[in-house]
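Numbering (UniProt numbering), first residue to last: 1 to 442. What follows is a single structure, written as structure tokens, with notes after it.
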């Protein structure tokens, strides 16, 4: 049985309550072709102009079908030649954004000799057409393009606080703002440094959404470089970010609340995976689960491939069920073809805190199994107490009690609009948007 290619994409779908009737516009780029599907007729001249003027290759042939498919065959090689293609994709992205298309998804398909596959969805929403790009370069540099002083100051603040080495150098050149960090957060293979990178990036995302910017889409390009486009949105001050890190034989959580740690442990036990070691709440890591199979995420064959993918899908589905919003999957520490996959989720911190408080109060009100002491029974004398000690019902551990009360879902419901007054107001300009309103287009 052949091995799974390490670059094979895993596609995960979720059900949409009110799906759009508009078909997805897709863009595929390989070495010699650019293909767009479901492209509106009125946008074809604009896209053709971009192809002609933002690539250093002449168009050899244009093929257009009646179903909205347009294929540009070029005279030179395009795909996988980084910077030129990136500039083209960036320009095309801006045009689609200005024509009310928002990013729906992105799949790198380099294993299939294809540069990238992007999906866009039409929306009637009027966008604040403000975008900026973040580049992760050379393993130690963050560069911002088309940012502003609010974004720049926020980045300096969060990196100074969240990264142990801090900032080594910062510079500004026109529309570009560059921060060189001490150390190499984006090219390390050290396990603990990978987690520190995840924590840093989670803090960066949290800081950016608090000043009104969220991820729109991301690309992995030349060598280890990554490019991430951010879009303007309403500020979100109650958002926190956690990360699921999958590397070799481990599942690790960074900045994760208790309910996520418990759900992850329960899911792994339910799937009866062979565990080697579990560590909880160690410095820099909320949960560290190591499997006996050292290659659970890589170099898999047959049934092992199914188990690894099933575990990942189950975890992502469980986090979504608990109202944690998936934001980004990236290999932030990629080096020499290896790296840890980091899955970032955003959640409402006040809602999670309120759920935890309800859970604690419910546990404190529940009767203890040993509410009546054996000493109150006439059948037990002080002399016979030790003899009968083993026959008593054992006191339930906090872990067992948590399992019992996790089943009481009626007591743990998300806050509705009418209950929002129970939570502290967000520290934003009046009137403050709700968490749902601010994050619905993230």
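Cβ atoms here follow ideal geometry from the backbone N, Cα and C, with glycine treated the same way. None of the values given here were measured: they were computed from a predicted structure.
DSSP on residue 269, reduced to helix/strand/coil?
-> The answer is helix: DSSP assigns residue 269 an H, G or I state.
Three-state secondary structure (DSSP) at residue 323?
-> coil
DSSP on residue 231, reduced to helix/strand/coil?
-> strand
Residues bridged to residue 252 (per DSSP) | 245, 288
Is it buried or exposed for residue 157, if we count other Cβ within 10 angstroms and need 16 for buried?
-> exposed
So, are the CB atoms of residue 178 and residue 133 less than 8 Å apart?
-> no
Below 8 Å between beta carbons: does that hold for residue 313 and residue 289?
-> no
Give the single residue among 168, 242, 93, 215 whose Cα lies nearest to the Cα of residue 349.
-> 242
Residues sharing a beta bridge with residue 143, DSSP | Partner(s): 135, 178.
Which partner residues of residue 346 appear in the DSSP bridge assignment?
-> 241, 325
Pick from 48, 246, 226 that is closest to residue 63, judged by C-alpha positions = 48
Cut-off 7 Å between Cβ atoms - residues of its own chain near residue 195, not counting five sequence neighbours on either side = 245, 252, 254, 284, 285
Apply the 10 Å Cβ neighbour rule to residue 271 and answer buried if 16 or more other Cβ atoms are within range, or exposed otherwise.
-> exposed
Excluding the five sequence neighbours on either side, which residues of its own chain have a C-beta within less than 8 Å of the C-beta of residue 44, listed in chain order?
-> Taken in chain order, the residues that qualify are 64, 70.
Residue closest to residue 333, alpha-carbon to alpha-carbon, out of 323, 191, 362 | Measuring from the Cα of residue 333, the nearest candidate turns out to be 191.
Nearest to residue 162 (by Cα), restricted to the options 282, 206, 53, 260 | 206
Of the listed residues 122, 149, 317, nearest to residue 23 (C-alpha basis) = 122
Considering only the beta carbon of each residue, do residue 37 and residue 25 sit closer than 8 Å?
-> The answer is yes: Cβ separation under 8 Å.
Please go through the same chain and pick out, in chain order, the residues whose beta-carbon is closer than 8 Å to the beta-carbon of residue 292, but skip the five residues on each side of it.
-> 249, 274, 275, 276
Alpha-carbon spacing of residue 356 relative to residue 362, whole angstroms | 10 Å
Is DSSP giving residue 481 helix, strand or coil here?
-> With the chain running from 1 to 442 in the structure shown, residue 481 is simply not present.
Could you give the distance in angstroms between the alpha-carbon of residue 35 and the alpha-carbon of residue 51?
-> 11 Å
If you follow the alpha helix (DSSP H) that residue 70 is part of, which residue opens it and which one closes it?
-> Where residue 70 is concerned, there is no enclosing alpha helix (DSSP H), although the beta strand (DSSP E) it sits in stretches over 70 to 74.
What are the boundary residues of the beta strand (DSSP E) that residue 26 is part of?
-> 25 to 30
Measure the C-alpha to C-alpha separation of residue 66 and residue 175 and round it to an integer number of angstroms.
-> Straight-line Cα distance between these residues: approximately 41 Å.
Would you call residue 150 buried or exposed, if buried means 16 or more other Cβ atoms sit within 10 Å of its Cβ?
-> Burial call: exposed.
Thinking C-alpha only, which one of 170, 130, 172, 318 is nearest residue 229?
-> Of the listed residues, the one whose Cα sits closest to residue 229 is 130.
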